[in-house]
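Q: Protein chains in written order, with my numbering: chain E, 987 to 1241; chain Z, 42 to 259; chain H, 128 to 347.
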Amino acid sequence: MSDTTISQGWFTSLANPTRFLALSGRILPYLATAAVLSLVVGLYMSFAAPEDYQQGITVRIMFIHVPAAWLAMMCYSVMAVASLGTLVWRHPLADVAAKTALPIGAAFTFLSLLTGSLWGRPMWGTWWVWDARLTSVFVLFLMYLGLMALHKAMDDPARAARPAAVLTLVGFVNIPIIKFSVDWWNTLHQPASVIRMDGPTIHPTMLYPLLVMAIAYTLIFFTLHLMAMRNEIWRRRVQTMRRQAAQSIGGGAST
Amino acid sequence: MRGPMQAVATKLKGRRGDSVLFEDIDFTIARGEALVITGPNGAGKSTLLRILAGLLAADSGEFSLRDHDGTELPVSDFAHYLGHRNAMKRELRVQENLSFWKSFQRSDSGEGMDVDEAIDLVGLTGVAHLPFGYLSAGQQRRIALARLLVSYRPLWLLDEPTAALDKRSDRLFADLVSRHLAAGGLAIAATHQPLGLENVRSLELSGIHSAASGESWT
Amino acid sequence: MMALLRRDLAIATRSGGAAMLGVLFFLAVVAVIPFGIGPDLNLLARIGPAILWIGALLASLLGLDRLFQADREDGSLDMLVMQDWVTLVLTVFVKSLAHWLATGLPLVLAAPLLGLLMNMSATATGAVMLTLLVGTPAISFIGAVGAAVAVVLPRGGLLVSILILPLAIPILIFGVSAAYAAVTDPDPFLPPFMILSAIALFFAALGPVAAAAALRGASD
């Protein structure tokens, strides 16, 4: 959530969903334009970059793959901050932010797994290896899916908020442990037989497109996230209105 | 309209575990008549209704629906059973719930009314598109009553039909049953409340249990 | 009966999402195997078909206890049982079929993805998919019996799995051996596959009848 970079006064005023809707509605067009522009520039630069002398054209997958992996982690961090917001400050939008970041994060994680797999096929000769780095991203993907299932299993979003926040934070604390144990697990079982993806030291001709793509991905994330949050707010309003409508029909709560 | 002329119970005996809840229950009701079963809690009203519906086996005796020429008709096809629970899915819309039962409980004894019409009749116009879980307890019960309307079955077996209903809905329910009886239906209801119906016979279960003879454990 | 199929599928895909949960469980179970035995791709490829089958078996047992329990809790079960014998058997058949479509079929469709993770060859993955396609309905149909028996029990969930696992062992045996026969050369694929199909058909006939009998007896 970009809230954290905004000053305190704005932060509290954002707690009001109506204010949030108005403000995000004004920001969104600019954000979306910036995202599309940087993506176009980034893609152009990616294809203008020279081919790798070893990997050939497949190296271009990197420009899609690496930022996706970064975003997968950043998105989880955003969710962790938002969960903190739910539990500590009881910010009404924090839960909305955490919930709507989930599918986007899962999508980025899936994208990085998918492109990694496509990249691995020509490079390593197999779609998947249980390399430490791949495996920890895979575990992250499972965590995303589990949290999504948790949200889906609860029909009242307000009741899902706190358990989901707790679980998100526990997961966040666990990520280093998972990463560490997976590293340890893999090197213990199969030292150095898996080809590492160190590749050549990154040359500026590769680095700049990568950075632009990373910026583009980040902008895309925030655009999608804002849109999803707006949707979620509307969805909750519709749900409340439907409940109210149900109560008012046929002489109200006739218990 | 094909349908039973009368519902006949002879020497019904029911028990729960070892205690006999009731014995020698006999009654006959004809088209347009209703039977109200009363009695204290635990007297076996629900058990009796479940036996009539064929959901429980009677210890002895039998219950049958007969055509005008005396042929027996299967209760499972000619009776609606409304239990304590509403038999509706919270996650489905009211419309979906009722349409499902309309086509699932279709019988050749007659046509039920439209789903929308039934919802109107129970006074809940406008809830069709809402998930069933959004409704209050009373509204849910009224939708459960609407299930009896969307597919036509001549015999209604009602277990505490007015539970969770307020006064106004009680009257609405009485009207529904009257309409059903006037159209040649039959109804058997277990209830604490007077239903305000005409053509009502009553059956009181004493609630005095006796140990089953012979094979008792006590 | 089409209405019943549509209703059960609608419930499965609405809130709760039983279909998604089953696939997630499948994914999680299969994914922890390499952590247990190590990331040796050759080993994984060799045991892959068996792991996938065990994962699918456990995942399809997962939601079985809700098959009739959910209907019992809201009272719908009374209306389902209150039918003549043939219709009741047909009802159970349709409910099992809906359960398979909502939870079993997604497992079959998820199998190739997990095959990739297990480094299985295309042939092996195809064979596992085919055997799962035939085998998972058999699990649903025989599982209906356990679900019907457990319907009166307060915490039926675990018990259903315990009751059904032994009954599902033949499905596992022939499913896995057919999948292996497809990749190891001398063994013919067809005999175990035909037996698996026969078991599936047999369970499709036996399961609903037995479950219907159990439901009749269980109503209280």
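Backbone N, C-alpha and C define an ideal beta-carbon position, used for all residues, glycine too. Being a predicted model, the structure only gives us computed values, none of them experimental.
Would you check if the distance between the CB atom of Leu-104/Z and the CB atom of Ala-130/H is smaller than 8 Å?
A: Numbered from 1 along the second sequence, position 63 holds the residue referred to as residue 104/Z. Numbered from 1 along the third sequence, position 3 holds the residue referred to as residue 130/H. Looking at the sequence provided, one finds Phe at residue 104/Z rather than Leu. Result no, Cβ atoms of Phe-104/Z and Ala-130/H do not sit closer than 8 Å.
Q: Identify which residue in Ala-1139/E, Ile-1050/E, Gln-1233/E, Leu-1133/E has its Cα closest to the Cα of Tyr-1062/E.
A: Along the first sequence, one-based indexing puts residue 1062/E at 76. Here the closest residue by C-alpha is Leu-1133/E.
Q: Please tell me whether Phe-153/H has its Cβ less than 8 Å away from any Cβ of chain E.
A: Looking up residue 153/H in the third sequence gives position 26. Chain E, which has no Cβ nearer than 8 Å to the Cβ of Phe-153/H, makes this no.
Q: According to the Cβ coordinates, are Thr-252/H and Ala-271/H closer than 8 Å?
A: As a working note, residue 252/H is residue 125 in the third sequence. As a working note, residue 271/H is residue 144 in the third sequence. Contact: no.
Q: Given this structure, state the Cα-to-Cα distance separating Gly-1111/E from Pro-1162/E, to the nearest angstrom.
A: Locating residue 1111/E in the first sequence gives position 125, where the first residue counts as 1. Locating residue 1162/E in the first sequence gives position 176, where the first residue counts as 1. When rounded, the distance between both Cα atoms is 30 Å.
Q: Given Ser-1103/E, which residues of its chain have a CB within under 8 Å of its CB, disregarding the five upstream and five downstream residues?
A: Translated into positions along the first sequence, residue 1103/E becomes position 117. Cβ neighbours of Ser-1103/E beyond the five flanking positions: Trp-1113, Trp-1114.
Q: Nearest by alpha-carbon distance to Phe-320/H: which of Ile-300/H, Glu-200/H, Ala-337/H, Leu-236/H is it?
A: Sequence index remark: in the third sequence, residue 320/H carries index 193 (1-based). Here the closest residue by C-alpha is Ile-300/H.
Q: Do the CB positions of Ala-1151/E and Ser-1069/E come within less than 8 Å of each other?
A: Within the first sequence, residue 1151/E is the residue found at index 165, counting from 1. Within the first sequence, residue 1069/E is the residue found at index 83, counting from 1. Contact flag set, yes.
Q: Using a C-beta cutoff of 8 Å, does Gly-124/Z count as contacting chain H?
A: For this step, residue 124/Z is matched to residue 83 along the second sequence. Gly-124/Z counts as touching chain H.
Q: Take the Cβ of Met-962/E as the centre, count every other Cβ of all protein chains shown within 10 Å, and call the residue buried at 16 or more, exposed below.
A: A question about residue 962/E goes unanswered here, because the residues of chain E that appear run from 987 up to 1241.
Q: My parser needs the alpha helix (DSSP H) runs of 4 or more residues fully inside the stretch 1117-1183 of chain E; what are they?
A: If we require 4 residues or more, the alpha helix (DSSP H) runs fully inside the stretch 1117-1183 of chain E come out as 1118-1139, 1143-1175.
Q: In the DSSP output, what is Thr-51/Z paired with across the bridge?
A: Start at 1 with the first residue of the second sequence, and residue 51/Z comes out as number 10. In the DSSP output, where bridge partners are listed per residue, Thr-51/Z has Glu-103/Z.
Q: Could you check where the alpha helix (DSSP H) with Thr-252/H kicks off and where it finishes?
A: Residue numbering aside, residue 252/H sits at position 125 when the third sequence is read from its first letter. 249-276 is the span of the alpha helix (DSSP H), which, as asked, contains Thr-252/H.
Q: List the residues of chain E that Phe-161/H touches, going by C-beta distances under 7 Å, in chain order.
A: Here the question's residue 161/H lines up with position 34 in the third sequence. One point to set straight first is that residue 161/H is Pro, not Phe, in the sequence displayed. Residues of chain E passing the Cβ test: Trp-1116.
Q: What does DSSP give as the partner residues of Tyr-122/Z in its beta bridges?
A: Counting from 1 along the second sequence, the entry for residue 122/Z is found at position 81. DSSP lists Leu-198/Z as partners of Tyr-122/Z.
Q: In chain H, which residues lie less than 9 Å from Trp-1113/E when you measure between Cβ atoms?
A: As a working mapping, residue 1113/E is identified with position 127 in the first sequence. Near Trp-1113/E (Cβ distances below 9 Å), the residues of chain H are Leu-243, Leu-244, Asn-246.
Q: What residue ranges within the stretch 276-325 of chain H form continuous alpha helix (DSSP H) runs of no fewer than 4 residues, ordered along the chain?
A: Counting only runs of 4 or more, we get 283-310.
Q: Could you tell me whether any Cβ in chain Z is nearer than 8 Å to the Cβ of Asp-205/H?
A: One-based indexing of the third sequence puts residue 205/H at position 78. For Asp-205/H, the answer is yes, since a Cβ of chain Z falls inside 8 Å of its Cβ.
Q: Does DSSP put Thr-112/Z in a helix, a strand or coil?
A: Position 71 of the second sequence, counted from the start, is the residue given in the question as residue 112/Z. Coil.
Q: Would you say Asp-207/Z touches the ligand NAD, meaning its beta carbon is less than 7 Å from a heavy atom?
A: Among the ligands in the structure shown, none appear at all, so the ligand NAD cannot be discussed.
Q: Quick one: grab the DSSP three-state call for Ser-1010/E.
A: Your numbering for residue 1010/E matches position 24 in the first sequence. Correct three-state label for Ser-1010/E: helix.
Q: Measure the C-alpha to C-alpha separation of Val-1198/E and Val-1125/E and round it to an integer number of angstroms.
A: Against the first sequence, residue 1198/E aligns to sequence position 212. Against the first sequence, residue 1125/E aligns to sequence position 139. Approximately 28 Å, taken between the alpha carbons.
Q: Between which residues of its own chain and Leu-228/H is the CB-CB distance below 7 Å, once the five residues before and five after are set aside?
A: Reading the third sequence from its first residue, position 101 is the one you call residue 228/H. These residues qualify, in order along the chain: Leu-136.
Q: Return yes when the Cβ of Val-287/H is within less than 8 Å of the Cβ of Ile-192/H, no when it is not.
A: By 1-based counting over the third sequence, the position of residue 192/H is 65. By 1-based counting over the third sequence, the position of residue 287/H is 160. The residue asked about is misnamed: residue 192/H is Asp in this sequence, not Ile. Taking 8 Å as the Cβ cut-off, Asp-192/H and Val-287/H qualify as a contacting pair.
Q: Compute the Euclidean distance between the alpha carbons of Leu-1212/E and Leu-1014/E, then round it to the nearest angstrom.
A: By 1-based counting over the first sequence, the position of residue 1212/E is 226. By 1-based counting over the first sequence, the position of residue 1014/E is 28. If I take the Cα positions, the gap works out to 7 Å.
Q: Using the beta-carbon of each residue, which ones in chain E are nearer than 9 Å to Met-147/H?
A: In the third sequence, counting from the first residue as 1, residue 147/H sits at position 20. Result: Leu-1131, Met-1134, Ala-1135, Lys-1138.
Q: What residues of chain E sit near Leu-224/H, judged by a beta carbon separation below 7 Å?
A: By one-based count along the third sequence, residue 224/H stands at place 97. Per Cβ cutoff of 7 Å: no residues; Leu-224/H is ~24 Å from chain E at best.
Q: What residues of chain H sit near Leu-1128/E, judged by a beta carbon separation below 9 Å?
A: Translated into positions along the first sequence, residue 1128/E becomes position 142. Leu-151, Leu-154, Ala-155, Ala-158, listed in chain order.
Q: Determine which residues share a DSSP beta bridge with Arg-1076/E and list them.
A: Here residue 1076/E refers to the residue found at position 90 when the first sequence is read from its first residue. Paired residues: none, contrary to the question.
Q: Starting from Lys-86/Z, find everything on chain H with Cβ-Cβ shorter than 9 Å and list it in chain order.
A: Within the second sequence, the letter at position 45 stands for residue 86/Z. Those do not exist, as Lys-86/Z stays about 15 Å from chain H at its closest Cβ, beyond 9 Å.
Q: Quick check on Pro-1186/E: buried or exposed, where buried means 16 or more other Cβ atoms within 10 Å of its Cβ?
A: Residue numbering aside, residue 1186/E sits at position 200 when the first sequence is read from its first letter. Note that Pro-1186/E scores a pLDDT of 48, beneath 50, so its modelled location is shaky; the value from the coordinates is reported in the next line. Pro-1186/E should be labelled exposed.
Q: As an exercise, report each continuous beta strand (DSSP E) stretch of at least 3 residues that is fully enclosed by the stretch 181-232 of chain Z, in chain order.
A: Correct list: 196-200, 227-231.
Q: Scan the stretch 195-223 of chain Z for residues whose Cβ lies nearer than 7 Å to a Cβ of chain E and list them as they occur along the chain.
A: Listed in sequence order: Ala-205, Leu-206, Asp-207, Arg-209, Ser-210.
Q: Starting from Ser-60/Z, trace the beta strand (DSSP E) in both directions and tell me its first and last residue.
A: Here residue 60/Z corresponds to residue number 19 of the second sequence, with the count starting at 1. 60-71 is the extent of the beta strand (DSSP E) around Ser-60/Z.
Q: Name the chain Z residues that come within less than 7 Å of Arg-1228/E, Cβ to Cβ?
A: Your numbering for residue 1228/E matches position 242 in the first sequence. By Cβ distance, chain Z contributes Leu-171, Tyr-175.
Q: Mind checking if Ala-1178/E is an interface residue toward chain H, Cβ cutoff 8 Å exclusive?
A: Within the first sequence, residue 1178/E is the residue found at index 192, counting from 1. The predicted position of Ala-1178/E is uncertain, since its pLDDT is 43 and thus under 50; no value can be drawn from it.
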